[in-house]
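Enquirer: My structure is below; once you've seen it, I'll send some questions.
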Amino acid sequence: MTSTKKDPVLVVLQLSGGNDGLNTIIPYTNPLYNDNRPAVRVPDDQVLQINDTIGFNPAMAPMKRLYDEGKLAIIQGIGYPSPSRSHFRSMDIWHTCEPEKVGDEGWLGRTISELDPTKENVLTGVNFGRGLPRAMAAPGVPVASVGNLESYGVLTGIEIEEQRAKALDVFSRVYSPMIGQGPVLDYFAHTGLDALKGADILSTAPESYSSTIEYGADSVAQYMRNIAQVHLANLGTRVMYTTAPYNSFDTHAGELANHTKLWSETSNAVADFYDDLKEHNASDNVVLLVFTEFGRRVHDNGSGTDHGAAGVAFVIGDAVKGGLYGEYPSLEANKLNEGDLAFNNDFRGLYATLLEKWMGLDSKPIINGSFEQMAYL
Amino acid sequence: MADKEIALMAHLMRRAGFGATFGELEARAANGYEATVDELLDPEGQPELERDLMMRYQPQWVSQAGLEGQQEEWTYRMINTKRPLEEKIALFWHQIFVTGHAKCEYPKQQTIEFDMFRRDGLGKFDNLLQGLAKDPAMVFYLDNCMSHKDAINENWGRELLELFSMGVGMDGQINYTEDDVKECARAFTGWTVTNSIPRYPYGKYEAKFIYDSGDHDFGEKTFLGETGNWNGEDIINIVAKQPGTARFISRHLYNFFVADEPQVPAWQDTAPGDPEMIKSLEDEYFRTGYDIRSMLRVLFNSDAFKNARFTKVKSPTETVVGTMRLVGDFSIPKPGMNAMALNIRYMGQDLMNPPTVEGWHTGREWIDSGTLVERINFTADAVGNTGHPGIQAIIRRLGSQGPTITPEQLVDGCLDMLGAYELADVTRNEMLSLARSEGEIRTGTKEFEDRVGQMLQSIVATTEYLFA
Chain A
11 MTSTKKDPVL VVLQLSGGND GLNTIIPYTN PLYNDNRPAV RVPDDQVLQI
61 NDTIGFNPAM APMKRLYDEG KLAIIQGIGY PSPSRSHFRS MDIWHTCEPE
111 KVGDEGWLGR TISELDPTKE NVLTGVNFGR GLPRAMAAPG VPVASVGNLE
161 SYGVLTGIEI EEQRAKALDV FSRVYSPMIG QGPVLDYFAH TGLDALKGAD
211 ILSTAPESYS STIEYGADSV AQYMRNIAQV HLANLGTRVM YTTAPYNSFD
261 THAGELANHT KLWSETSNAV ADFYDDLKEH NASDNVVLLV FTEFGRRVHD
311 NGSGTDHGAA GVAFVIGDAV KGGLYGEYPS LEANKLNEGD LAFNNDFRGL
361 YATLLEKWMG LDSKPIINGS FEQMAYL
Chain B
131 MADKEIALMA HLMRRAGFGA TFGELEARAA NGYEATVDEL LDPEGQPELE
181 RDLMMRYQPQ WVSQAGLEGQ QEEWTYRMIN TKRPLEEKIA LFWHQIFVTG
231 HAKCEYPKQQ TIEFDMFRRD GLGKFDNLLQ GLAKDPAMVF YLDNCMSHKD
281 AINENWGREL LELFSMGVGM DGQINYTEDD VKECARAFTG WTVTNSIPRY
331 PYGKYEAKFI YDSGDHDFGE KTFLGETGNW NGEDIINIVA KQPGTARFIS
381 RHLYNFFVAD EPQVPAWQDT APGDPEMIKS LEDEYFRTGY DIRSMLRVLF
431 NSDAFKNARF TKVKSPTETV VGTMRLVGDF SIPKPGMNAM ALNIRYMGQD
481 LMNPPTVEGW HTGREWIDSG TLVERINFTA DAVGNTGHPG IQAIIRRLGS
531 QGPTITPEQL VDGCLDMLGA YELADVTRNE MLSLARSEGE IRTGTKEFED
581 RVGQMLQSIV ATTEYLFA
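Protein sequences appear in the order of chains A and B. Take the position in the first sequence, starting the count at 1, then add 10; the result is the number in our numbering. Take the position in the second sequence, starting the count at 1, then add 130; the result is the number in our numbering.
As structure tokens, this is what we get:
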């Protein structure tokens, strides 16, 4: 870890739908890969080799470059016991760290609460996208949720600027007097004024930003750009989150074409984000986690792949010790879990590492227990 | 100021339905309060929505729709139904008898469940519970299909008691023991569903409830102090007659229709906010043989209800549906339903996909800095669109008062049109300053339309408007 006085920042990119780990980090020399993927296989001569057994999907050259620079850790065989093949349930488990019962507090919501217990900064946690992911939700923790940074704010539908300014002025003047008018109104007043304040501050981020990096037009790239803008604006934001479009990685059909496009966009967005921060000398205090709710079935279905279990995650940043972590799960039939890869790395260990070694927090209360940390930080 | 009858009717329609336009409120007020209560409680007296129309515009609603398709369909029904309480009671039961898309083999199974809520939701509570125990979505969601005579799974047995009927306790006492949970689960062994047919190549089929007597534990059971060879039906009969059940259902009705209560897990040790009202609902429950419709008649006609205006925070569903009814958008199932209906999710209530088996935390917990911005912006955009037929009607109505109107007429008129809302003095004064800030208010002009839209936008952004 580089020595720095800057506060560590954690960025999370969620790949919704269940990314096919086998076609992401590909065991291209394993005959069982060929046997199990008669239709949905990346030809071995196209794989971007990491070593003589595995390599990146050919659409992932920008991330391969980060790997070669030693900035990218590949967390193999990641998952949890008794895997759920339901998108919602499995994503909930990743969000709440509650594989047994259904939980409603997110691990990052708790993280934000630990980082800023007195709620001094309404922008300690910012989500990019519509609707707050459960990972970021915890009672009483303010989190801004930004659909579009350029137009984020209260009453943004009012197009005439003068009119909107007037409406916002009225807004703040009718919310302020509700402070102290009983617990519910007091809470609403603070929430409304926090939202207004957060929006005011956030709206300054794009204005002060300039960069030579040209991000893609897809939503992941645009949100990664927004995250860079907010980070570079020095607003004290410590946790940022965004998600790939809902279930986009759910490649039941037409996987080869879809998956190539998804990784081409995602991989470019990730590398552009890193390069953007680098260009501004602001990459040393940021770590990016890229995860998905599960991997996919080992055997293809003729056109795509169905829901599976263990998958692959990535951690990227200057502070990260690039390389391979965990074991590549066995493809041997007798080692599979109902046709799916078995995990050997608990995702809560991945979180514990980020929380303890990067954010400097006690991870136990956040992830509900002690889990073995990894060496990537 | 709207007269008292209109204000009361606006309150009734917000609570028993999803709000109404001012024109509808006037017509209903002329008809009388009790007559309106009777009409609401008799949904079958009103026409159903035209299924043909829905199918023509949105064929996916009746086929293999996923979560969002099912959400669109329900949102459309809530906006356009002539039987508002039928949809409202379905929402009420969905918020209690939770099933989730995350654990549903076939999305349409939940819509089938909601049809049961519509059909039986105002009837006898024991009948509704019998239906729920045999509802394939519920049997699968709470694992009763995994409960066998030699290996019980307690999930359904526990939640039936804890979340669906009597709650863990009342007046500081517990309502049942862990042994009761086990005996309850034993009685429901063999209550299962048909195997789901593999999805490919023909798509999914709905599951059916079946009773597998070979997997039922016929042994003697002691449940809540009564011993016998109980089967599931017997358990529900015992559950329905418990004082704890009368209390729990009464409190839920109060919390949903009258005023926000503490969150459900606190009910064992927290007395009801209005013990008299709860007592009268409990009495009606027993007097009528557990009849929900009769309880609601008592509730809607009570002074406690009539005096409870603006004591509840609107849910995301009530916010989105109420806004669409007000502005008159999506009165046909036109394209764009998905983008509109998703706002309910953005505001924190992903219908058919609740966060936990406890459903959603309600009241003030609907609001956080993310959901508040979603709520205000969605509502303000809708009421600020002067092209919407509902907003046009408001403009015509306010404009009909003369060639010019006073700032008071503009502010109070807008409040009336939104459903006889009331503002704190300090808020109303700000609105009056806003109304005065652009000079004389001349009706019949484009500028007038904009000023009405602007006033409506500022009002719906207030804390007062968060309440129903």
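Glycine included, C-beta positions come from ideal geometry on N, C-alpha and C. Computed from a prediction, not measured in an experiment: that's the story for all the values here.
Would you check if the distance between the CB atom of H200(A) and the CB atom of I189(A) is smaller than 8 Å?
Expert: Position 190 of the first sequence, counted from the start, is the residue given in the question as residue 200(A). Position 179 of the first sequence, counted from the start, is the residue given in the question as residue 189(A). Against a cut-off of 8 Å, the Cβ pair of I189(A) and H200(A) comes out as a contact.
Enquirer: Counting along the chain, where does the beta strand (DSSP E) carrying T615(B) start and finish?
Expert: Not covered by the structure: residue 615(B). The range shown for chain B is 131 to 598.
Enquirer: Going straight from the alpha carbon of M585(B) to that of P187(A), what length do you get?
Expert: Your numbering for residue 585(B) matches position 455 in the second sequence. Your numbering for residue 187(A) matches position 177 in the first sequence. One C-alpha to the other measures close to 20 Å.
Enquirer: In three-state terms, what does DSSP make of N29(A)?
Expert: Within the first sequence, the letter at position 19 stands for residue 29(A). Three-state DSSP puts N29(A) in coil, outside helix and strand.
Enquirer: So that I know if they touch, is there some Cβ in chain B lying closer than 8 Å to that of S13(A)?
Expert: Here residue 13(A) is taken as the residue at index 3 of the first sequence, counted from 1. Residue placement at S13(A) cannot be trusted, given a pLDDT of 43 that sits under 50; what the coordinates show is reported in the next sentence. It does not: the Cβ of S13(A) has no partner Cβ on chain B nearer than 8 Å.
Enquirer: With C-beta atoms as the reference, is H317(A) less than 8 Å away from D30(A)?
Expert: Looking up residue 317(A) in the first sequence gives position 307. Looking up residue 30(A) in the first sequence gives position 20. No.
Enquirer: Could you name each continuous alpha helix (DSSP H) segment of 4 residues or more that falls completely within the segment 168 to 230 of chain B, going from the start of the chain to the end?
Expert: As far as the segment 168 to 230 of chain B is concerned, its whole alpha helix (DSSP H) runs of at least 4 residues are 181 to 187, 197 to 210, 214 to 226.
Enquirer: Helix or strand or just coil, what does DSSP make of E406(B)?
Expert: To locate residue 406(B), count along the second sequence from 1; it is residue 276. Of the three classes helix, strand and coil, the one that applies to E406(B) here is helix, per DSSP.
Enquirer: Can you give me the start and stop residues for the alpha helix (DSSP H) that T501(B) sits inside?
Expert: Numbered from its first residue, the second sequence carries residue 501(B) at position 371. Unbroken alpha helix (DSSP H) run through T501(B): 499 to 514.
Enquirer: Of all the CB atoms in chain A, is at least one closer than 8 Å to the CB of L586(B)?
Expert: For this step, residue 586(B) is matched to residue 456 along the second sequence. L586(B) does not count as touching chain A.
Enquirer: For A438(B), collect the residues of the same chain with a Cβ closer than 7 Å to its Cβ; drop the 5 residues on either side in sequence, then sort them by chain order.
Expert: Along the second sequence, read from residue 1 onward, the residue named residue 438(B) stands at position 308. Here the set comprises V388, A389.
Enquirer: So H231(B) contacts chain A; which residues on that side make the cut at Cβ distance below 8 Å?
Expert: For the purposes of this step, residue 231(B) is taken as the residue at position 101 of the second sequence. Simply F98.
Enquirer: Assess, as a yes-or-no matter, whether the segment 164 to 172 of chain A is touched by the segment 499 to 516 of chain B under the definition of 3 or more beta carbon pairs within less than 8 Å.
Expert: Short answer: they touch.
Enquirer: Using only the alpha-carbon positions, how far apart do T12(A) and Y361(A) sit?
Expert: Against the first sequence, residue 12(A) aligns to sequence position 2. Against the first sequence, residue 361(A) aligns to sequence position 351. With a pLDDT of only 42 at T12(A), under the threshold of 50, the placement of this residue in the model should not be trusted, and no figure is reported.
Enquirer: Can you check DSSP and say which residues form a bridge with Q59(A)?
Expert: Here residue 59(A) refers to the residue found at position 49 of the first sequence. Looking at the DSSP assignment, Q59(A) forms a beta bridge with G65(A).
Enquirer: Please report the distance separating the alpha-carbon of R417(B) from that of E164(B).
Expert: Your numbering for residue 417(B) matches position 287 in the second sequence. Your numbering for residue 164(B) matches position 34 in the second sequence. Distance between the alpha carbons of R417(B) and E164(B): 21 Å.
Enquirer: Counting only Cβ-Cβ distances shorter than 7 Å, please list the residues of the segment 466 to 489 of chain B near chain A, keeping chain order.
Expert: Under the 7 Å Cβ criterion, the segment 466 to 489 of chain B contributes R475, Y476, N483, P485, T486, V487.
Enquirer: Would you call the CB atoms of F430(B) and I209(B) closer than 8 Å?
Expert: Counting from one through the second sequence, the residue named residue 430(B) turns up at place 300. Counting from one through the second sequence, the residue named residue 209(B) turns up at place 79. Their beta carbons are not under 8 Å apart, which means F430(B) does not touch I209(B) by this criterion.
Enquirer: Which residue wins for smallest C-alpha separation from K16(A), given the options P375(A), K367(A), I376(A), N295(A)?
Expert: The count along the first sequence starts at 1 and reaches residue 16(A) at position 6. Nearest C-alpha to K16(A): N295(A).
Enquirer: Restricting to Cα atoms, I'd like to know which of A148(A), I35(A), T106(A) is closest to M70(A).
Expert: Against the first sequence, residue 70(A) aligns to sequence position 60. The candidate whose alpha carbon is nearest that of M70(A) is I35(A).
Enquirer: Count the CB pairs spanning the segment 210 to 228 of chain B and the segment 313 to 320 of chain B that are closer than 8 Å, and state whether there are at least three.
Expert: With the cut-off at 8 Å, the segment 210 to 228 of chain B and the segment 313 to 320 of chain B do not touch.
Enquirer: Just the chain B side, please: which residues come within less than 7 Å of D114(A) by C-beta, in chain order?
Expert: Numbered from its first residue, the first sequence carries residue 114(A) at position 104. What D114(A) touches in chain B: P485, T486.
Enquirer: So, helix, strand or coil for D421(B), using DSSP?
Expert: Within the second sequence, the letter at position 291 stands for residue 421(B). Strand, per DSSP.
Enquirer: I'd like to confirm the pairing. Which residues does DSSP put opposite I35(A) in its beta bridges?
Expert: Here residue 35(A) is taken as the residue at index 25 of the first sequence, counted from 1. F66(A).
Enquirer: Note down, in chain order, every chain B residue with its Cβ under 8 Å from the Cβ of D62(A).
Expert: Against the first sequence, residue 62(A) aligns to sequence position 52. The contacting residues do not exist; D62(A) stays about 37 Å from chain B at best.
Enquirer: Would you mind telling me which residues of chain B sit closer than 8 Å to L195(A), beta carbon to beta carbon, in chain order?
Expert: Here the question's residue 195(A) lines up with position 185 in the first sequence. Under the 8 Å cutoff, chain B gives T593.
Enquirer: Need the endpoints of the beta strand (DSSP E) that I85(A) sits in, please.
Expert: If you number the first sequence from 1, residue 85(A) lands on position 75. Looking at the DSSP string, the run of the beta strand (DSSP E) that includes I85(A) is 82 to 89.
Enquirer: For G65(A), which residues in the same chain have their Cβ closer than 7 Å to its Cβ, ignoring the five residues on either side in sequence?
Expert: Walking along the first sequence from the start, residue 65(A) turns up at place 55. Closer than 7 Å at Cβ, skipping near neighbours: I36, Y38, V57, L58, Q59.
Enquirer: 8 Å is my cut-off, CB to CB: does Q173(A) come that close to chain B?
Expert: In the first sequence, residue 173(A) corresponds to position 163, counting from 1. Yes, contact with chain B.
Enquirer: Taking V443(B) as part of the beta strand (DSSP E), name the residues at either end of that continuous run.
Expert: Indexing the second sequence from 1 puts residue 443(B) at position 313. Note, V443(B): premise wrong, no beta strand (DSSP E); not H, not E.
Enquirer: By Cβ distance, which residues of its chain are closer than 7 Å to L215(B), with the 5 residues on each side in sequence left out?
Expert: Position 85 of the second sequence holds residue 215(B). Excluding sequence neighbours, L215(B) sits near A146, G147, L170, L171, P173.
Enquirer: Closer than 7 Å by C-beta to H309(A): which residues in its own chain qualify, once you throw out the five before and the five after it? Chain order, please.
Expert: In the first sequence, the residue the question calls residue 309(A) occupies position 299. If we look at H309(A) and ignore the five residues flanking it on each side, its Cβ neighbours are N46, G349.
Enquirer: How far does the beta strand (DSSP E) with H273(A) in it reach, from first residue to last?
Expert: In the first sequence, counting from the first residue as 1, residue 273(A) sits at position 263. Residue identity differs from the one stated: residue 273(A) is Trp in this sequence, not His. Per DSSP, W273(A) belongs to no beta strand (DSSP E); it is in the alpha helix (DSSP H), 265 to 289.
Enquirer: Are the segment 149 to 157 of chain B and the segment 519 to 534 of chain B touching by the rule of at least three beta carbon pairs closer than 8 Å?
Expert: The segment 149 to 157 of chain B vs the segment 519 to 534 of chain B: in contact.
Enquirer: Identify every residue that forms a DSSP beta bridge with G358(B).
Expert: The count along the second sequence starts at 1 and reaches residue 358(B) at position 228. The partner list for G358(B) (beta bridge, DSSP) reads K351(B).
Enquirer: DSSP on I168(A), reduced to helix/strand/coil?
Expert: For the purposes of this step, residue 168(A) is identified with residue 158 of the first sequence, where counting begins at 1. I168(A) falls in the coil class under three-state DSSP.
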